[in-house]
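Remember, my numbering sits 1 above the position in the sequence shown when you count from 1. C-beta: ideal position from N, C-alpha, C; glycine also. Working notes, structure below.
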Amino acid sequence: MSLSNVDVSAGGFRLSGFTTGHYGLLLGSERWRYAVLFTVLYTIGTVLAELVLGTLIALVLERLGGAGRSWMMALLLLPWAMITVVSAQLWAYMYNGVYGILTSASENLTGEPVQFLGTRFPAIISMAVADIWKTTPFVAIIVLAGLMMLPKDVTEAARVDGADAWTAFWRVRLPLLRPALTIAVLFRILQAFGIFDLPFVLTGGGPGNATESLALLGWQVMFTNLDFGPGAAVAASTAALVLVGCLLFLRAFRSQVGEEEAGT
Numbered sequence: 002m003s004l005s006n007v008d009v010s011a012g013g014f015r016l017s018g019f020t021t022g023h024y025g026l027l028l029g030s031e032r033w034r035y036a037v038l039f040t041v042l043y044t045i046g047t048v049l050a051e052l053v054l055g056t057l058i059a060l061v062l063e064r065l066g067g068a069g070r071s072w073m074m075a076l077l078l079l080p081w082a083m084i085t086v087v088s089a090q091l092w093a094y095m096y097n098g099v100y101g102i103l104t105s106a107s108e109n110l111t112g113e114p115v116q117f118l119g120t121r122f123p124a125i126i127s128m129a130v131a132d133i134w135k136t137t138p139f140v141a142i143i144v145l146a147g148l149m150m151l152p153k154d155v156t157e158a159a160r161v162d163g164a165d166a167w168t169a170f171w172r173v174r175l176p177l178l179r180p181a182l183t184i185a186v187l188f189r190i191l192q193a194f195g196i197f198d199l200p201f202v203l204t205g206g207g208p209g210n211a212t213e214s215l216a217l218l219g220w221q222v223m224f225t226n227l228d229f230g231p232g233a234a235v236a237a238s239t240a241a242l243v244l245v246g247c248l249l250f251l252r253a254f255r256s257q258v259g260e261e262e263a264g265t
């Protein structure tokens with residue numbers, strides 16, 4: 002569809018001919034370029050934050066034992082198990098400029114209410130916070146599984162050789178965790194780059210187009226404007242960018258692992 006002329010009528014749509022004009026429209030569109038930039042930066046920022054927070058939470062859970070760990074894992078999975086549309090609506094209530102609890106708290110702290118979803122930068126940060134809150138448990142569970150599978154004797158040998166807790170983690174345990182971290186990062190890149198439901202419910206892509214992701218842009222072009230050709234081109238370009246990003250990440254990971262194996 003992205004490479005065809007699309008004729009839309011009351012009975013549906015019809016494809017005819019071959020054209021690359023839809024991709025020409027994308028490359029010349031400032032709105033599409035902003036959506037690409039926003040989606041890339043949003044993905045990088047949220048995935049990095051989730052990776053750091055998830056690893057810290059996993060380290061804390063590793064130290065817990067028995068029922069304590071089970072209860073904490075159950076509580077941790079509640080945000081992840083919640084449907085994104087439901088969690089987005091809950092955050093929308095908290096961010097509401099009239100009766101939102103976070104708006105009221107900001108007014109009590111600063112004397113002036115913060116419009117979390119009313120201006121560009123606060124809206125981006127607010128959406129990222131909601132996303133990080135929901136998906137950090139997913140990263141934490143994967144990292145915890147990786148920590149539980151690490152051989153204990155390697156860490157004990159490092160401690161015997163005089164390494165403190167930080168050095169043992171950074172130099173010994175973290176390199177062994179890279180396969181688990183890679184899985185977590187790949188899944189989160191795929192999910193974050195295709196984010197649709199959170200901005201759709203929370204901000205609608207606004208204010209203006211400040212929080213408009215590629216997936217949301219494709220939906221609006223295809224199903225709101227009924228421009229099926231350009232909408233399909235947005236979808237295809239999103240899939241291509243995700244594929245390239247994942248391949249580059251895997252290549253960098255394999256190269257690093259290969260260098261470490263050669264060094265040992």
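Notebook entry, point to check: What's the C-alpha gap between M83 and L49?
Noted result: Here residue 83 refers to the residue found at position 82 when the sequence shown is read from its first residue. Here residue 49 refers to the residue found at position 48 when the sequence shown is read from its first residue. If I take the Cα positions, the gap works out to 22 Å.
Margin query: What does the Cβ neighbour count give for E51, buried or exposed, with the cut at 16 atoms within 10 Å?
Written below: Mapped onto the sequence shown, residue 51 falls at position 50. Note on E51: 16 or more other CB atoms within 10 angstroms of its CB, so buried under the neighbour-count rule.
Notebook entry, point to check: For F14, does the three-state DSSP call read helix, strand or coil?
Noted result: Numbered from its first residue, the sequence shown carries residue 14 at position 13. DSSP places F14 in the strand class (E or B) of the three-state scheme.
Notebook entry, point to check: Between V115 and the rest of its own chain, which residues show a CB-CB distance below 7 Å, the 5 nearest in sequence each way excluded?
Noted result: In the sequence shown, residue 115 corresponds to position 114, counting from 1. Only T104, S107 and P123 meet the Cβ criterion.
Check: In this structure, does DSSP put V9 in helix, strand or coil?
Finding: Counting from 1 along the sequence shown, the entry for residue 9 is found at position 8. Note: V9 maps to strand in three-state DSSP.
Check: To which residues of the same chain is G119 closer than 8 Å at the C-beta, ignoring the five residues directly before and after it?
Finding: Stepping through the sequence shown from its first residue, residue 119 is reached at position 118. Taking G119 as the centre and dropping the five residues before and after it, the same chain places the C-beta of G98 and P208 closer than 8 Å to its C-beta, in chain order.
Note to self: Tell me the DSSP secondary structure of T20 in three-state form.
What the structure shows: Sequence index remark: in the sequence shown, residue 20 carries index 19 (1-based). The answer is coil: DSSP assigns T20 none of H, G, I, E or B.
Notebook entry, point to check: Using the C-alpha atoms, what's the distance from F254 back to L42?
Noted result: Counted from its first residue, the sequence shown places residue 42 at position 41. Counted from its first residue, the sequence shown places residue 254 at position 253. Distance from the CA of L42 to the CA of F254, rounded to the nearest whole angstrom, comes to 20 Å.
Notebook entry, point to check: Cα-Cα, which of N109, G219 and N226 is closest to Y24?
Noted result: Here the question's residue 24 lines up with position 23 in the sequence shown. Residue G219 is the option with its Cα nearest to Y24.
Note to self: I'd like to know if the region 89–96 and the region 150–158 are in contact, where contact means that at least 3 CB-CB pairs between them fall below 8 Å.
What the structure shows: Taking 8 Å as the limit for Cβ pairs, the verdict is that the region 150–158 does not touch the region 89–96.
Check: For I125, which option in L79, V155, S88 and G46 has the closest C-alpha, if you only look at C-alpha atoms?
Finding: Position 124 of the sequence shown, counting from 1, holds the residue named residue 125. Shortest Cα-Cα distance from I125 to any of L79, V155, S88 and G46 involves G46.
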